[in-house]
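Chemist: Chains as they are written, first to last, in this note's numbering: chain A, 3 to 223; chain B, 11 to 248. In this text, a Cβ means the ideal position worked out from N, Cα and C, and glycines have one as well. Since we're looking at a predicted model, the values are computed, not measured.
Below is the structure:
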C-alpha cells in the first residue's frame with residue numbers, strides 16, 4: 003500500500019513542480035494576507051505578539067484551502083481518479099498519497115512564510131523546536147481533514163465553494179490547538195504548549211485514521 | 011463456462027428510479043473477444059463500469075475465475091481498462107505516465123517494459139514529450155499502452171477506436187489479436203461495427219439496459235448483423 007501512496011506523492015510533486023498551481027497560489031495568498039495584516043495592525047506602533055499566532059494560523063488555513071481545492075481537481079481531468087481507483091491494492095492508499103503530498107506542499111509554504119510573518123508583523127522569533135512541532139502537527143490535522151473533504155467535494159459540481167463550507171467548522175479544534183500551542187511556545191511556556199500539542203495529536207489521529215478507513219466508500223459511484 | 015474468465019449474472023443497476031441495466035448476464039472465456047453494441051443510452055458504459063468494480067451493481071453478481079468478486083482486488087490487478095477518459099496526466103510525459111501506472115501495478119523491470127510499450131504503440135519518438143502536446147490519436151495510443159502495461163488478462167474497452175487514424179486502428183486490431191493469442195479476454199464496446207466484428211469472436215447487442223441480441227461474429231455476415239441489430243434495437247446500425 004505504501005508503494006502506491008508514494009507513487010501518488012511522486013506524481014503530485016512532479017505535476018506541481020511543472021504546474022506551480024498549488025504552491026504559487028498558497029504562497030502568494032498567505033504572503034498577501036501577512037502584508038495586509040502588517041498594514042492593518044501597524045506593528046511599528048503596536049506589539050502584535052499576543053495576536054500573532056491567530057493571524058498566522060488564519061492566514062495558513064485560508065491559503066491552504068486554495069491548495070486543497072486543487073488537489074483532486076487534477077485527478078478529475080481525463081478521469082484520472084478512475085485510473086487510481088482501478089489500480090490494485092487498498093483504495094485508502096489514494097487518500098494517504100494525496101494527504102502526504104498536500105502535507106509536503108503546506109509544510110514547504112510554512113517553512114518559507116513563517117519567518118516572513120515574524121518579520122512583517124515585527125514580532126521577535128521565539129519558540130524554536132516547540133514551534134516546529136506545532137507547525138508539523140497542526141499541518142497534519144489541517145491537510146488530513148482537508149484532503150478527505152477535498153475528495154468528498156470533488157464529486158460535486160460546486161467543489162471549490164463546498165470545500166471551505168465543509169472544512170472550516172471541522173477545523174475549529176485545530177485552530178484553537180494551533181493558536182494556543184503557538185502562543186505557549188512563543189511565551190516559553192512549555193507545559194501549555196505540550197498540553198495543546200497533545201490535543202492536536204489526538205485530532206490528527208482521528209482525522210488520519212477515519213478518512214483512511216472510509217475513503218474507499220467515498221470513491222464508489 | 012470453464013470458470014477461468016469473467017462472468018456476470020443478473021446484473022441490474024439503478025440510479026434512483028431509473029433502471030440503467032436489467033438482468034444482464036454474460037460470460038467471457040480466456041482467449042475471447044466479445045463486442046458490445048447498442049445505441050446511445052443502452053447502458054453499455056455503465057455495464058463496463060460495473061464489471062470494472064467502479065460502481066456497485068444494484069443486483070446480481072460478478073465472478074472472476076470462478077470466484078465472486080467482492081472488493082474487486084483480484085479482478086482489478088488482472089484487468090486493464092480503456093474508458094471514456096484517458097486516465098493520463100497532461101503535465102507528465104508519456105514515459106512518466108506509464109512509469110506512474112507501472113508503479114501502481116508494481117510492474118517488474120518497469121523502465122524496460124515502459125520503453126517496450128511505447129515502441130509497440132508507436133510513441134517511442136514522443137516518450138519525453140508532455141501528454142498535453144499530444145494529438146487525440148496519440149493520447150489514445152498511450153491510453154491503450156497504459157491499459158496493456160501490466161500484462162492484464164482481462165481488457166475492458168469503451169470505444170477504443172476513438173481518435174485513432176487508420177494506422178492506429180490497424181495497430182489496435184493487431185494488439186487485440188496478440189492479446190487474444192496470449193489467452194487474454196476482452197470486452198469491447200464500439201460503434202465501429204465493421205472493424206469490431208472483424209476482430210471479435212462474439213457480440214452482444216444491448217438495448218434499454220437489456221441484452222437484446224447476441225451472435226457469433228464468424229457466423230454472421232454484415233447483412234445478417236444489420237438485420238439482427240435492427241430487430242434488437244429498432245433502428246439500423248449507423
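Look at the alpha carbon of residue 149 of chain B and the alpha carbon of residue 195 of chain A, and state the distance between them as a whole number of angstroms.
Modeler: Straight-line Cα distance between these residues: approximately 53 Å.
Chemist: Could you check which residue in B:101, B:104 and B:83 has the C-alpha nearest to that of residue 89 of chain A?
Modeler: When only C-alpha atoms are compared, the closest one is B:83.
Chemist: Which chain A residues are close to residue 100 of chain B, counting only those with a beta carbon under 8 Å from its beta carbon?
Modeler: Correct list: 79 and 80.
Chemist: May I have the straight-line CA-CA distance separating residue 220 of chain A from residue 46 of chain A, to the nearest angstrom?
Modeler: When rounded, the distance between both Cα atoms is 50 Å.
Chemist: Inspect the beta-carbon positions of residue 89 of chain B and residue 164 of chain B and report whether they are closer than 7 Å.
Modeler: Yes. Within cutoff.
Chemist: Establish whether the CB of residue 100 of chain A and some CB of chain B are separated by less than 7 Å.
Modeler: Not closer than 7 Å to any Cβ of chain B, the Cβ of residue 100 of chain A fails to qualify, so no.
Chemist: Chain A beta carbons: is any one of them nearer than 7 Å to that of residue 213 of chain B?
Modeler: No, because no Cβ of chain A sits closer than 7 Å to the Cβ of residue 213 of chain B.
Chemist: How would you write the range of the beta strand (DSSP E) that residue 225 of chain B sits in, first residue to last?
Modeler: Looking at the DSSP string, the run of the beta strand (DSSP E) that includes residue 225 of chain B is 220-226.
Chemist: Name the chain A residues that come within less than 7 Å of residue 62 of chain B, Cβ to Cβ?
Modeler: Within chain A, the residues near residue 62 of chain B are 88.
Chemist: Hey, is residue 103 of chain B's beta-carbon within less than 7 Å of any beta-carbon in chain A?
Modeler: No, no contact with chain A.
Chemist: Identify the residues that DSSP records as bridge partners of residue 90 of chain B: which are they?
Modeler: In the DSSP output, where bridge partners are listed per residue, residue 90 of chain B has B:165.
Chemist: Excluding the 5 residues preceding and the 5 following residue 132 of chain A in the sequence, name in chain order all residues of the same chain whose CB lies nearer than 7 Å to its CB.
Modeler: Result list for residue 132 of chain A: 187, 192 and 195, in chain order.
Chemist: Can you tell which of B:74, B:152, B:33 and B:16 has its C-alpha closest to the C-alpha of residue 96 of chain B?
Modeler: Nearest C-alpha to residue 96 of chain B: B:152.
Chemist: Short check: CB of residue 171 of chain B to CB of residue 208 of chain B, under 7 Å?
Modeler: Not closer than 7 Å, so no.
Chemist: What is the residue span of the beta strand (DSSP E) that residue 31 of chain B lies within?
Modeler: Where residue 31 of chain B is concerned, the enclosing beta strand (DSSP E) stretches over 28-38.
Chemist: What separation, rounded to the nearest whole angstrom, lies between the Cα atoms of residue 116 of chain B and residue 77 of chain B?
Modeler: Their Cα atoms are separated by approximately 24 Å.
Chemist: If the cut-off is 8 Å on Cβ atoms, which residues from the region 38-55 of chain A count as contacting chain B, listed in chain order?
Modeler: Cβ contacts with chain B: none found.
Chemist: Can you find the residues in the same chain that come closer than 6 Å, C-beta to C-beta, to residue 12 of chain A, ignoring five residues on each side of it along the sequence?
Modeler: Nothing listed; no residue qualifies.
Chemist: When we look at the beta-carbon of residue 118 of chain B and count the other beta-carbons within 10 Å, is it buried (16 or more) or exposed?
Modeler: It is exposed - the Cβ of residue 118 of chain B has fewer than 16 other Cβ atoms within 10 Å.
Chemist: Taking the CB atoms as reference points, tell me whether residue 1 of chain A and residue 3 of chain A lie closer together than 7 Å.
Modeler: An answer regarding residue 1 of chain A cannot be provided, because it is not within the stretch 3 to 223 covered by chain A.
Chemist: By how many angstroms is the C-alpha of residue 172 of chain A removed from the C-alpha of residue 125 of chain A?
Modeler: Spanning the two alpha carbons is a distance of roughly 29 Å.
Chemist: Check whether the Cβ of residue 85 of chain A lies closer than 7 Å to any Cβ atom in chain B.
Modeler: It does: the Cβ of residue 85 of chain A has a partner Cβ on chain B nearer than 7 Å.
Chemist: Can you tell me the Cα-Cα spacing of residue 52 of chain A and residue 105 of chain B, whole angstroms?
Modeler: Whole-angstrom Cα-Cα distance: 52 Å.
Chemist: Which class does residue 20 of chain A belong to by DSSP, given the choice of helix, strand or coil?
Modeler: Helix at residue 20 of chain A.
Chemist: Taking the alpha-carbon positions, what's the residue 179 of chain A to residue 145 of chain A distance?
Modeler: Using only the alpha carbons, I get a separation of about 15 Å.
Chemist: Measuring straight from C-alpha to C-alpha, what distance separates residue 103 of chain B and residue 129 of chain A?
Modeler: For residue 103 of chain B and residue 129 of chain A, the distance between alpha carbons rounds to 44 Å.
Chemist: Strictly below 7 Å CB to CB, what residues from chain B border residue 17 of chain A?
Modeler: Within 7 Å Cβ-Cβ: 99, 101 and 102.
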